[in-house]
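Visitor:
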Amino acid sequence: MHSVSSTLATSVSIDLGSRSYSIAIGPGLIGQKATFAELPRASQALIVSNTAVAPLYAEQVRASLIPYYPRVHVLVLPDGEAFKTWETLQLIFDALLSHGCDRKTVLFALGGGVVGDMTGFAAASFMRGVPFVQIPTTLLAQVDSSVGGKTGINHPLGKNMVGAFYQPHRVICDLDTLQTLPSRELSAGLAEIIKYGPIADTAFLDWIEAHLTDLLARAPHALAHAVQRSCEIKAWVVAQDEREAGLRAILNFGHTFGHAIEAGMGYGEWLHGEAVGCGMVMAARLSAALGMVDLAFCERLVRLIAAAGLPVRAPVLDPLDNAGRYLALMRLDKKASAGAITFVLIDGPGRAVMREAPEVLVRSVIDSCCAF
Ligand code: NAD
Ligand code: GLY
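Here the sequence shown is numbered in the working numbering, starting from 44 and rising by one per residue.
Okay, structure coming up:
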C-alpha cells in the first residue's frame, strides 16, 4: 500500500500482484483526459450509469474518453437498490451485444455502489471477462464499494447473493462529484468511513470525530483525507485477503445486522449505509454485552453515528417475533454456516474479530436496539 499526496490529489495503490491497480483521488478528475491515459485501449467503451448520475456527469466522462476510444456508448440504467437485479444486469449485456462490443471493450461504471457492483459483475462475465474502471460518485462507493473487486446483484431471497470477485483496472474518485450528492447519501457514506475506525484505526476514529462538521459540510480537504485513509485501510485488508478467506470479513462490521434491516424493510427503504450505521450500533452493543469492549467505547461510537445523521434505533421487522425475524434474515448472511451466524465484533478499540454469539444474548441486543 502506497500513497502519494500533493494538495488534494492522491493516489492509493492496491497490491494484488498481476491484478494490482491504483485509486486516483482528487477534484476535477473526470473532466481531464489525462485521468484516462493509461487504461487498456479498445475500439469501443461503454459507460454504464443511471438516470440520476448520467445527466450530471456522463457527458464529461464521454468527452474525456473520446481521444482514446473511437466509439463511446452511454447506457442509462434505472436508479436504485431495487434495480440491482438480474433484469437490469441483462440490460448491460443487451447494450454490449447490440453495439457489437468485443472482449477488449472497456466498461466504465459511473455512479454509486449499485451501478459499480452491477457493472463489475457484467464485466466479469461478458465474454468471460472484459476490463472495467470504477468511477464512483457517492461517498460510500469512493470509500468502500468501488475498491476490492466485490461485484454482484441482489436476489429476492438475499442481498448480493449472486456475484464475482473481479478487480477493476482503476478506480477514479472525483471528489467534486460528491457536491451534488443528496445529504442522506452523504451520511450513508459516512457510515462506511466510521466503520474503519473501530475495526482498524482508532486514530482515524479520533480524526473523524474532530472533523465531522467539515465532512458534513463537504469541505474538500476533509473529504480528500477521509476518502484517502478509508481506501488505504481497505487496500491493506484486501491485499492480504482478496477473496475473504478470513481477515476481509472485518470490513463487514455492522453488515450482518445491517443486511437484515435492508432485507427486512425491503431493499431501498433504508439506504445501505444507514443500515450499516445502525448495524454497527447493534454489533458494538453485542460486543459490549460479551465483555469484549467497554460500554464507554460503544456509546462513543453510537454518538458519532448519530451525529453523522444516521439512525441508531433499529426498525421493528415483525411486531410478533421481531428478534426471530432478525435471526432468520441473519442466517441468510454469507458468513453464516450451517445456520450458525458469525458476527464481526469489536475486540477492543481498533480490533475486530469474527465470532458466534449465544442466541439469547443476540435476542436481547436486538430487543434493546429496536424502536418498539
Ligand atoms: P447507490 O448506488 O444507490 O447511490 C445512491 C444514490 O445517489 C442513487 O440514487 C444514485 O443515483 C445517487 N447518486 C450517485 N452519485 C451521485 C452524485 N454524485 N450526485 C447525485 N446523486 C448521486 O448507493 P451507494 O450507497 O453508492 O451504494 C450502495 C450499494 O453498494 C449497495 O448495493 C451495497 O450492497 C453496495 N456495496 C458494495 C460493496 C462492495 O464491496 N462491492 C461495499 C459496500 C456497499
Ligand atoms: N465491503 C466489504 C468488502 O469489500 O469486503
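Here a beta-carbon is modelled for each residue, glycine too, at the ideal position from N, C-alpha and C.
Only a predicted model underlies this, so the values are computations on that prediction, with no experimental measurement involved.
Measuring from the CB of S188, is there a heavy atom of ligand 1 at a distance below 7 Å?
Guide: Locating residue 188 in the sequence shown gives position 145, where the first residue counts as 1. The answer is yes for S188.
Visitor: Verify whether the separation of the beta carbon atoms of A318 and E305 is less than 8 Å.
Guide: The residue labelled residue 318 in the question sits at position 275 within the sequence shown. The residue labelled residue 305 in the question sits at position 262 within the sequence shown. For A318 and E305, yes; Cβs fall inside 8 Å.
Visitor: Should R129 be labelled buried (16 or more other beta-carbon atoms within 10 Å of its own) or exposed?
Guide: One-based indexing of the sequence shown puts residue 129 at position 86. Residue identity check: residue 129 is Trp in the sequence provided, not Arg. Exposed, by the Cβ-count rule.
Visitor: Please list the terminal residues of the continuous beta strand (DSSP E) segment that includes Q177.
Guide: What you label residue 177 is simply residue 134 of the sequence shown in a count that begins at 1. Run containing Q177: 175 to 179, per the beta strand (DSSP E) assignment.
Visitor: How about the segment 77 to 94 and the segment 295 to 310: do they share at least three Cβ pairs that are nearer than 8 Å?
Guide: The segment 77 to 94, when compared against the segment 295 to 310, does not touch it at the 8 Å Cβ threshold.
Visitor: Classify H45 as buried or exposed, calling it buried when 16 or more other Cβ atoms lie within 10 Å of its own Cβ.
Guide: Mapped onto the sequence shown, residue 45 falls at position 2. Reliability of the predicted coordinates at H45 is poor, the pLDDT of 46 falling under 50, and the value obtained from them is presented with this limitation in mind. It is exposed - the Cβ of H45 has fewer than 16 other Cβ atoms within 10 Å.
Visitor: DSSP state of V149, grouped into three classes?
Guide: Here residue 149 corresponds to residue number 106 of the sequence shown, with the count starting at 1. Strand.
Visitor: Could you pull the DSSP bridge partners for K238 from this structure?
Guide: Stepping through the sequence shown from its first residue, residue 238 is reached at position 195. Looking at the DSSP assignment, K238 forms no beta bridge with any residue, so it has no partner.
Visitor: Across the segment 389 to 397 and the segment 322 to 337, are there enough close Cβ pairs to call them in contact, namely three or more that are closer than 8 Å?
Guide: In short, these stretches touch, since the Cβ pair count reaches three.
Visitor: So, do the segment 358 to 366 and the segment 242 to 260 have three or more beta carbon pairs nearer to each other than 8 Å?
Guide: No, because fewer than three Cβ pairs between the segment 358 to 366 and the segment 242 to 260 fall closer than 8 Å, the two stretches do not touch.
Visitor: Between the beta-carbon of C274 and the beta-carbon of V186, is there less than 8 Å?
Guide: Here the question's residue 274 lines up with position 231 in the sequence shown. Here the question's residue 186 lines up with position 143 in the sequence shown. Yes, the pair counts as a contact, with Cβ atoms nearer than the cut-off.
Visitor: Give the range of the alpha helix (DSSP H) segment to which D410 is assigned.
Guide: Along the sequence shown, read from residue 1 onward, the residue named residue 410 stands at position 367. Looking at the DSSP string, the run of the alpha helix (DSSP H) that includes D410 is 402 to 412.
Visitor: Touch check for the segment 96 to 113 and the segment 50 to 68: three-plus C-beta pairs under 8 Å?
Guide: Contact fails: fewer than three Cβ-Cβ distances are below 8 Å.
Visitor: Measuring alpha carbon to alpha carbon, tell me which of H298, A349, F164, G367 ends up nearest K377.
Guide: Locating residue 377 in the sequence shown gives position 334, where the first residue counts as 1. With distances taken between Cα atoms, K377 lies closest to H298.
Visitor: Are A265 and V55 touching if we call contact CB-CB under 8 Å?
Guide: To locate residue 265, count along the sequence shown from 1; it is residue 222. To locate residue 55, count along the sequence shown from 1; it is residue 12. No, the pair does not count as a contact, with Cβ atoms beyond the cut-off.
Visitor: Does the beta-carbon of S49 have 16 or more other beta-carbons within 10 angstroms, so that it is buried, or is it exposed?
Guide: Numbered from its first residue, the sequence shown carries residue 49 at position 6. Reliability fails at S49, whose pLDDT of 47 lies under 50, so the model's placement of it is uncertain and no value is given.
Visitor: Report yes if the CB atom of F300 is closer than 8 Å to the CB atom of P241, and no otherwise.
Guide: Within the sequence shown, the letter at position 257 stands for residue 300. Within the sequence shown, the letter at position 198 stands for residue 241. Taking 8 Å as the Cβ cut-off, F300 and P241 do not qualify as a contacting pair.
Visitor: Under the three-state reduction of DSSP, which class applies to H142: helix, strand or coil?
Guide: On the sequence shown, position 99 is the one that residue 142 refers to. Of the three classes helix, strand and coil, the one that applies to H142 here is coil, per DSSP.
Visitor: By Cβ distance below 7 Å, which residues in the same chain neighbour A138 in space, the five residues on each side in sequence not counted?
Guide: In the sequence shown, residue 138 corresponds to position 95, counting from 1. For A138, where only same-chain residues beyond five positions count, the Cβ hits under 7 Å are L89, H116, L118.
Visitor: Whole angstroms are fine: how far does the CA of E399 sit from the CA of L258?
Guide: Here residue 258 refers to the residue found at position 215 of the sequence shown. Here residue 399 refers to the residue found at position 356 of the sequence shown. Each residue's alpha carbon lies about 35 Å from the other.
Visitor: Can you check whether the CB of K147 is closer than 8 Å to the CB of A77?
Guide: Indexing the sequence shown from 1 puts residue 77 at position 34. Indexing the sequence shown from 1 puts residue 147 at position 104. It is not a contact, given that the beta carbons lie outside the stated cut-off.
Visitor: For S49, does the three-state DSSP call read helix, strand or coil?
Guide: Residue mapping note: residue 49 aligns to position 6 of the sequence shown, counting from 1. No answer about S49 holds up, because its pLDDT of 47 lies below 50 and its placement is not dependable.
Visitor: Based on Cα-Cα distance, which residue from V403, F126, L347 lies nearest to N366?
Guide: Indexing the sequence shown from 1 puts residue 366 at position 323. The sequence shown places Ala at residue 366, not Asn. Taking only the C-alpha atoms, the option nearest A366 is V403.
Visitor: I want to check one thing, is the minimum distance from the CB of K193 to the heavy atoms of ligand 2 below 7 Å?
Guide: As a first step, residue 193 is located in the sequence shown; it is residue number 150 there, counting from the start. For ligand 2, at least one heavy atom lies less than 7 Å from the Cβ of K193.
Visitor: Does the beta-carbon of S230 have 16 or more other beta-carbons within 10 angstroms, so that it is buried, or is it exposed?
Guide: In the sequence shown, the residue the question calls residue 230 occupies position 187. When all chains shown are included, S230 counts as buried.
Visitor: Any heavy atom of ligand 2 inside 7 Å of the beta-carbon of N365?
Guide: To locate residue 365, count along the sequence shown from 1; it is residue 322. No, Cβ of N365 sits at least 7 Å from all heavy atoms of ligand 2.
Visitor: Just to confirm, are C341 and R328 a CB contact at a threshold of 8 Å?
Guide: On the sequence shown, residue 341 is found 298 positions in, with the first residue counted as 1. On the sequence shown, residue 328 is found 285 positions in, with the first residue counted as 1. Taking 8 Å as the Cβ cut-off, C341 and R328 qualify as a contacting pair.
Visitor: Between the segment 56 to 64 and the segment 281 to 288, are three or more C-beta pairs nearer than 8 Å?
Guide: Because the criterion of three Cβ pairs below 8 Å is met, the segment 56 to 64 and the segment 281 to 288 touch.
Visitor: So is the beta-carbon of R272 under 7 Å away from any non-hydrogen atom of ligand 3?
Guide: Within the structure as shown, ligand 3 is missing, the only ligands being ligand 1 and ligand 2.
Visitor: Using the C-alpha atoms, what's the distance from I276 back to V396?
Guide: Numbered from its first residue, the sequence shown carries residue 396 at position 353. Numbered from its first residue, the sequence shown carries residue 276 at position 233. One C-alpha to the other measures close to 16 Å.
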